[in-house]
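Asks: Sharing a structure below in structure tokens format, with a few things to ask.
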RNA sequence: GGAGAGGUGGCUGAGCGGCUGAAAGCACCGCACUCGAAAUGCGGCAUACGGGCAACUGUAUCGGGGGUUCGAAUCCCCCCCUCUCCGCCA
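In the working numbering, the protein residues as written are 1 to 423.
Okay, here's the thing in structure tokens:
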């Protein structure tokens, strides 16, 4: 949610930011509504001030036993009423219209974000690792999984339908090991606090991170009106909703290993084979809540935390700075981590680390108290550290062997009970 | 699911139709006292949005929404949340 005051101060910059997102200028319309709302409010407030004053006089008159004066004053208040009610109604209407326009607008891109309409304009900022030369035809993760007999899409379809998978034995263990490995890394070495959050959340929480009201179609809703989290970002970020934090509470760094649920509406036909795009997948999420001046540095730090997972698992990746047109709505600046997939011969997204500025904080009303006693919106960041399902895909494909087995990278072996190889 | 109790400022907690944006205490910030500190005393200290060059000032906010009333933290209705007991249950 944008601060209407900042739009008032610099409407050109606001529209320019939206333009980078590929959106038309809207500041003139917003400011017209804003002016109208303020004018109506001022008129209403003056009428209310008058009414309050008269009410005080009525009280005084009644106390003095002067019921005649009291009656006369009551009549006068009555005459204010119609105007007051009308004014309030139109004020509410204008305010609602302004809000409806504001709450669906995405965040403005940071100055350091490159221009561009889609992923082709993203900028590679670094690359790590060399894709292995296999010496044989790379098999896809689902071929490997099928070969091992431990990845079952048919069974999953029978139980749940398309876009689900059933893992067995060593692969089920592998998923659990990867998640535990990631959480342990982030807590033990990077200072994140592990959280076991709700997976079903209320609308207010989804609204707070910016996924409602605009992206309702991407989510699953329960019969009692709650939502299944599409990412633990929703649960973790909202932990500070409606709170005033002390400066000493910041930075707040949280991590959680949770399933994520996405309807994948609009993704029909994409990634239909394998487990790249599921209705349910496991993800270790990172969330930071920081003071505004810290958010840029925190963004780099968080991205580095996610990258470290890939380094330790010996998975080649590149880090992309997303262009303005390719970022999610809440983000001001985003790095995507893309891991090498031998079967596709290209890099695929495995993590997305975003700095959201005060966009989510305003929607959640999450603030912190500065040393000089002001309450300012915090800055929030979130990132995958990493998407566990896709990490497993990358691990299987990158560490596959000619004999159809898969070598478990040494860093992960403690979480696999010492196992060195699957198959 | 049934019965009951309750949600007030950063925290605790009074108020239960007008003098209450809200007592008191704690916390916090000034000042005094002190060589310094503690203790003590005095003063200050909610948030949001407006108006005003400013001093200052208006409105709203006592979980959320609606209603009654000239006037609501206080009365009525609906919803949300918390707690206690009973039932059910991983």
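Cβ atoms here follow ideal geometry from the backbone N, Cα and C, with glycine treated the same way.
Quick one: measure Cβ to Cβ for residue 386 and residue 350, integer angstroms, because I've assumed they're closer than 8 Å.
Replies: What you label residue 386 is simply residue 386 of the first chain in a count that begins at 1. What you label residue 350 is simply residue 350 of the first chain in a count that begins at 1. Confirmed, about 5 Å.
Asks: Taking a contact to mean a Cβ-Cβ separation below 7 Å, would you say residue 302 touches residue 353 in this structure?
Replies: Within the first chain, numbered from 1, the residue matching residue 302 stands at position 302. Within the first chain, numbered from 1, the residue matching residue 353 stands at position 353. Yes, the Cβ-Cβ distance between residue 302 and residue 353 is below 7 Å.
Asks: Once you ignore the five residues that flank residue 411 on each side, which residues in its own chain have a CB closer than 7 Å to its CB?
Replies: The count along the first chain starts at 1 and reaches residue 411 at position 411. Excluding residues within five positions, the ones whose Cβ falls inside 7 Å are 312, 313.
Asks: Determine the DSSP secondary structure at residue 352, reduced to helix, strand or coil.
Replies: Looking up residue 352 in the first chain gives position 352. Reduced to three states, the DSSP call for residue 352 is strand.
Asks: Can you list the beta strand (DSSP E) stretches of 3 or more residues lying completely in the region 348-397, in chain order?
Replies: 367-369, 375-377, 379-387
Asks: Beta-carbon separation of residue 113 and residue 33 under 7 Å?
Replies: Stepping through the first chain from its first residue, residue 113 is reached at position 113. Stepping through the first chain from its first residue, residue 33 is reached at position 33. Their beta carbons are not under 7 Å apart, which means residue 113 does not touch residue 33 by this criterion.
Asks: Taking the straight line between their C-alpha atoms, what separation do you get for residue 174 and residue 275?
Replies: To locate residue 174, count along the first chain from 1; it is residue 174. To locate residue 275, count along the first chain from 1; it is residue 275. The straight-line gap from Cα to Cα measures roughly 14 Å.
Asks: If I follow the unbroken alpha helix (DSSP H) through residue 114, where does it start and stop?
Replies: In the first chain, counting from the first residue as 1, residue 114 sits at position 114. Neither: residue 114 is in no alpha helix (DSSP H) and is coded neither H nor E.
Asks: When we look at the beta-carbon of residue 125 and count the other beta-carbons within 10 Å, is it buried (16 or more) or exposed?
Replies: Counted from its first residue, the first chain places residue 125 at position 125. That one is exposed.
Asks: Quick check: the Cα distance between residue 264 and residue 215, rounded to an integer number of angstroms?
Replies: The count along the first chain starts at 1 and reaches residue 264 at position 264. The count along the first chain starts at 1 and reaches residue 215 at position 215. Cα-Cα distance, rounded: 11 Å.
Asks: How far does the beta strand (DSSP E) with residue 276 in it reach, from first residue to last?
Replies: Position 276 of the first chain, counted from the start, is the residue given in the question as residue 276. Per DSSP, residue 276 belongs to no beta strand (DSSP E) and is neither H nor E.
Asks: Could you name each continuous alpha helix (DSSP H) segment of 4 residues or more that falls completely within the region 65-105, going from the start of the chain to the end?
Replies: 67-102
Asks: Going by beta-carbon coordinates alone, are residue 267 and residue 339 separated by less than 7 Å?
Replies: By 1-based counting over the first chain, the position of residue 267 is 267. By 1-based counting over the first chain, the position of residue 339 is 339. Cβ distance not < 7 Å, so residue 267 and residue 339 don't count as in contact.
Asks: Among 243, 192, 123, 296, which residue has its Cα nearest to the Cα of residue 326?
Replies: Walking along the first chain from the start, residue 326 turns up at place 326. Among 243, 192, 123, 296, the Cα nearest to that of residue 326 is on 123.
Asks: Give me the Cα-Cα distance between residue 317 and residue 405, rounded to the nearest whole angstrom.
Replies: One-based indexing of the first chain puts residue 317 at position 317. One-based indexing of the first chain puts residue 405 at position 405. The alpha-carbon atoms of residue 317 and residue 405 are separated by roughly 22 Å.
Asks: Cα separation between residue 323 and residue 188?
Replies: Within the first chain, residue 323 is the residue found at index 323, counting from 1. Within the first chain, residue 188 is the residue found at index 188, counting from 1. For residue 323 and residue 188, the distance between alpha carbons rounds to 33 Å.
Asks: Excluding the five sequence neighbours on either side, which residues of its own chain have a C-beta within less than 7 Å of the C-beta of residue 243, listed in chain order?
Replies: As a working note, residue 243 is residue 243 in the first chain. Once the five neighbours on either side are set aside, the close Cβ partners of residue 243 are 366.
Asks: Could you tell me how far apart the beta carbons of residue 54 and residue 77 are, in whole angstroms, since I believe they sit closer than 8 Å?
Replies: Residue mapping note: residue 54 aligns to position 54 of the first chain, counting from 1. Residue mapping note: residue 77 aligns to position 77 of the first chain, counting from 1. Contact holds; Cβ gap of about 5 Å.
Asks: Using alpha carbons as the reference points, say which of 62, 355, 255, 11 lies closest to residue 182.
Replies: Position 182 of the first chain holds residue 182. The option with the nearest alpha carbon to residue 182 is 255.
Asks: Beta strand (DSSP E) containing residue 256: first to last residue?
Replies: Against the first chain, residue 256 aligns to sequence position 256. Its beta strand (DSSP E) spans residues 252-261.
Asks: Select from 80, 346, 321, 236 the residue whose C-alpha is nearest the C-alpha of residue 364.
Replies: Within the first chain, numbered from 1, the residue matching residue 364 stands at position 364. Here the closest residue by C-alpha is 236.
Asks: For residue 347, which option in 401, 142, 249, 129 has the closest C-alpha, if you only look at C-alpha atoms?
Replies: Taking the first residue of the first chain as position 1, residue 347 is located at position 347. Selection 401, 142, 249, 129 evaluated against residue 347 yields 129 as nearest (Cα-Cα).
Asks: Can you list, in chain order, the residues of its chain with a C-beta nearer than 7 Å to that of residue 414? Leave out the 5 residues immediately preceding and following it.
Replies: Here residue 414 refers to the residue found at position 414 when the first chain is read from its first residue. No residues qualify anywhere along the chain.
Asks: Residue 176: which of 283, 11, 376, 102 sits nearest, CA to CA?
Replies: Residue mapping note: residue 176 aligns to position 176 of the first chain, counting from 1. Ranking the options by Cα distance to residue 176, first place goes to 283.
Asks: Which whole-angstrom value describes the C-beta separation of residue 167 and residue 150, a residue pair presumed to lie in contact below a C-beta threshold of 8 Å?
Replies: What you label residue 167 is simply residue 167 of the first chain in a count that begins at 1. What you label residue 150 is simply residue 150 of the first chain in a count that begins at 1. The beta carbons of residue 167 and residue 150 sit about 6 Å from each other, so the pair counts as a contact at 8 Å.
Asks: Which partner residues of residue 283 appear in the DSSP bridge assignment?
Replies: Working through the first chain from its first residue, we reach residue 283 at position 283. According to DSSP, residue 283 bridges with 258, 387.
Asks: Considering only residues of the same chain and omitting the five flanking positions on each side of residue 14, which have a CB-CB separation below 6 Å?
Replies: For the purposes of this step, residue 14 is taken as residue 14 along the first chain, with counting starting at 1. Spatial neighbours of residue 14 in its own chain (CB-CB distance under 6 Å, excluding positions within 5 residues in sequence) are listed in chain order as 7, 27.
Asks: Residues bridged to residue 317 by DSSP?
Replies: As a position in the first chain, residue 317 is number 317, starting the count at 1. Answer by DSSP bridge pairing, in chain order: 128, 339.
Asks: On a CA-only basis, which of 17, 111, 31, 305 is nearest residue 286? Give me that one, please.
Replies: Along the first chain, one-based indexing puts residue 286 at 286. Cα-wise, what sits closest to residue 286 is 305.
Asks: May I have the straight-line CA-CA distance separating residue 381 from residue 147, to the nearest angstrom?
Replies: To locate residue 381, count along the first chain from 1; it is residue 381. To locate residue 147, count along the first chain from 1; it is residue 147. Answer to the nearest angstrom: the Cα atoms are 40 Å apart.
Asks: According to DSSP, is residue 244 part of a helix, a strand, or is it coil?
Replies: Counting from one through the first chain, the residue named residue 244 turns up at place 244. Strand at residue 244.
Asks: Is there at least one non-hydrogen atom of the ligand GDP closer than 6 Å to the beta-carbon of residue 289?
Replies: Annotation note on the ligand GDP: not contained in the displayed structure, which lists no ligands.
Asks: List in chain order: all unbroken alpha helix (DSSP H) runs of 4+ residues lying wholly within the region 166-192.
Replies: 169-188
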